[in-house]
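Some notes on the structure that comes next.
Protein chains in written order, with the working numbering: chain A, 51 to 383; chain B, 51 to 383.
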């Protein structure tokens, strides 16, 4: 990585940024060197994770968020992560749809990423892409992930503020609303709020919230059961995920959602959670990097012939996978 | 793990099975010892993966599959994997719904699993749970996963036959139908086939299939564009994923779906793919085990103090994560 490309990047050159992102995605020596150089400049951006099932209109919502943050004069990067798509590099269909409202705006940069099949690999690359945007001066970085699986949870851990997007009428409430996803939500969004069933979706979410944040039950004894916005007497260091209703297609509810995001950032800074999340986030990044590196080192040390013959023994049921693993580890310890 | 518990398990005792599964899920010494002992008895079951987004009615479909396989006198195990749920061990809501049709049938065993937060950990445990059922003589093992993320893809790799379940009207076709998910599908199921929009879902799936399996384009020149069932002149060693339409709530299309599953098993055995998939499956299991083991060993060697101070340096931006990692790896190589 030439010093010049980094300088050009830091001056705001989009082409330099795109080239650098490709180096990072390819995990090539230039990408790695750039990451090392850029890392001290990171830690400035507000990283916002947005996750939700297909059909929730999440992409349109992310689009609108970008538009609203742009109106505040903030530079916005969108990292669109689709673990189930084999495509990468910005050419996927969803982006073209997305680009309509945002194209021609030099303050917005969209990058699509996809799985190359390795566990953990996608989250590692996502973390690195976010670092590049952060160092390049993007104040808002939105990580847009599809679905509700473990990899989405891992990716959500990279964010300061996580939005979980639901929509009315997406099958059984049992299936659509997952306690584990609620646990990662800082803000719940019911998009397509003009659709039938919005009340029952909201009710289901509030019930789940009560289970996940039992402290709120105390407040609910004093008021309406349906009233969930954090009351005035809530301690400053406690964040109760608000529920925002939006219609992304006509931007209804967007100003309130932006306010909730900003309130969460303020809460994080006042409570000290910003620093704690930052540390947890970097811990996750480091753990992912560590697993990848250890696996690559071990494979190189053991060599393909030994690994193949180990697999042969397992296929023949000569020994269990763990027995084979232990003997390999002993031989390469 | 006492020899007695294993013997009791192999005699078909459900309580012994439940206890053993808990040992395996807890990854305790008894569970590990049992896996080593049981492994030589594995390799008999037909492992069927079922994946699909919330709202597709996938759980009801899995339920019906179990009912139909039971009618053939086969013992059926269902491993319900929900990467986004913090619950485990069979107490989740979905199971209670599911249990209605199947309860009291000693030939069916349902086990729910959930993420404990570790990357790769869930897929490893799923593979091990499947081994226990396989050794215990369950002829059909259904792995039922939620969503379309990377962890679901990893879990699908553990199966011989993978069903991808779609439903009409689940948001934009762009979002709902993912090329990467199609790549893992051996059989495509459009459930809720009595709903409006079934034709457009089917059309979208067929288009994606043509992209994924270009060989079919040749056959399509000779016939109807919409005719996709593998024609007679298709070589025996080529499997083109059929599209099955079902209504799980009244079992419509279930006999045809069971036929398709059996045809896929026959195809796998005739073509030699059964053995190749078995090998690939064991490779995946082994890789997952390896990553977990390497990470645990490294952490033990480096010690918590060193890892904490490494993280401190990263948080201070004193050095990049990779630079810190490299110095840690050098110190512990």
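Virtual Cβ for every residue (Gly too), placed ideally from N, Cα, C. Just so you know, these numbers come straight off a predicted model, no measurement behind them.
Range of the contiguous beta strand (DSSP E) that encloses residue i
i: residue 96 of chain B; result: 96 to 102
i: residue 91 of chain B; result: No beta strand (DSSP E) holds residue 91 of chain B; DSSP gives it neither H nor E.
i: residue 290 of chain B; result: Per DSSP, residue 290 of chain B belongs to no beta strand (DSSP E) and is neither H nor E.
i: residue 240 of chain B; result: 237 to 240
Classification of residue i by the beta-carbon crowding that lies within 10 angstroms, buried from 16 upward
i: residue 125 of chain A; result: buried
i: residue 114 of chain A; result: buried
i: residue 130 of chain B; result: buried
i: residue 380 of chain B; result: exposed
i: residue 67 of chain A; result: buried
i: residue 377 of chain A; result: exposed
i: residue 309 of chain B; result: exposed
i: residue 54 of chain B; result: exposed
i: residue 384 of chain B; result: What is shown of chain B runs 51 to 383, which leaves residue 384 of chain B out entirely.
i: residue 210 of chain B; result: buried
i: residue 116 of chain A; result: buried
i: residue 288 of chain A; result: exposed
i: residue 138 of chain A; result: Note on residue 138 of chain A: pLDDT 36, under 50, position unreliable in the model; the coordinate value appears next. Under this definition residue 138 of chain A is a buried residue.
i: residue 62 of chain A; result: exposed
i: residue 59 of chain B; result: buried
i: residue 84 of chain B; result: buried
i: residue 325 of chain B; result: exposed
i: residue 236 of chain A; result: buried
i: residue 370 of chain B; result: buried
i: residue 8 of chain A; result: There is no way to answer for residue 8 of chain A, as the model of chain A reaches only from 51 to 383.
i: residue 322 of chain A; result: exposed
i: residue 355 of chain B; result: exposed
i: residue 70 of chain B; result: buried
i: residue 286 of chain B; result: At residue 286 of chain B, the pLDDT of 47 sits below 50, so the modelled position is not reliable and the matter cannot be decided from this model.
Residue interval of the alpha helix (DSSP H) (run including residue i)
i: residue 341 of chain B; result: 323 to 352
i: residue 67 of chain B; result: 64 to 75
i: residue 208 of chain B; result: Premise fails: residue 208 of chain B is in no alpha helix (DSSP H) and is neither H nor E.
i: residue 108 of chain B; result: 108 to 121
i: residue 85 of chain A; result: 79 to 88
i: residue 375 of chain B; result: 371 to 381
i: residue 56 of chain B; result: 53 to 60
Given residue i as reference, the closest of the options once Cα atoms are compared
i: residue 364 of chain A; options: B:100, B:237, B:91, B:77; result: B:91
i: residue 173 of chain B; options: B:334, B:217, B:158; result: B:334
i: residue 297 of chain B; options: B:156, B:85, B:217; result: B:217
i: residue 163 of chain A; options: A:177, A:155, A:156; result: A:177
i: residue 193 of chain A; options: A:219, A:185, A:187, A:160; result: A:160
i: residue 307 of chain B; options: B:346, B:344, B:212; result: B:212
i: residue 122 of chain B; options: B:98, B:108, B:305, B:80; result: B:305
i: residue 127 of chain A; options: A:183, A:99, A:74, A:82; result: A:183
i: residue 339 of chain A; options: B:75, B:372, B:288, B:206; result: B:372
i: residue 108 of chain B; options: B:349, B:356, B:195; result: B:195
i: residue 57 of chain A; options: A:79, A:88, A:75; result: A:88
i: residue 375 of chain B; options: A:61, A:59, A:82, A:62; result: A:82
i: residue 299 of chain A; options: A:357, A:382, A:245; result: A:245
i: residue 301 of chain B; options: B:242, B:332, B:326, B:323; result: B:242
i: residue 105 of chain B; options: B:367, B:118, B:61, B:215; result: B:215
i: residue 77 of chain B; options: B:355, B:187, B:248, B:342; result: B:342
i: residue 240 of chain A; options: A:317, A:303, A:295, A:322; result: A:295
i: residue 208 of chain A; options: A:219, A:175, A:260; result: A:175
i: residue 120 of chain B; options: B:79, B:345, B:112, B:157; result: B:157
i: residue 332 of chain A; options: B:366, B:331, B:187; result: B:366
i: residue 251 of chain A; options: A:360, A:219, A:259; result: A:219
i: residue 382 of chain B; options: B:361, B:358, B:347; result: B:347
i: residue 303 of chain A; options: A:80, A:111, A:72; result: A:111
Nearest-angstrom beta carbon gap, residue j and residue i [assumed within contact, 8 Å]
i: residue 190 of chain A; j: residue 96 of chain A; result: 6 Å
i: residue 293 of chain B; j: residue 256 of chain B; result: 7 Å
i: residue 328 of chain A; j: residue 93 of chain A; result: 7 Å
i: residue 206 of chain A; j: residue 99 of chain A; result: 4 Å
i: residue 344 of chain B; j: residue 344 of chain A; result: 4 Å
i: residue 357 of chain A; j: residue 349 of chain A; result: 7 Å
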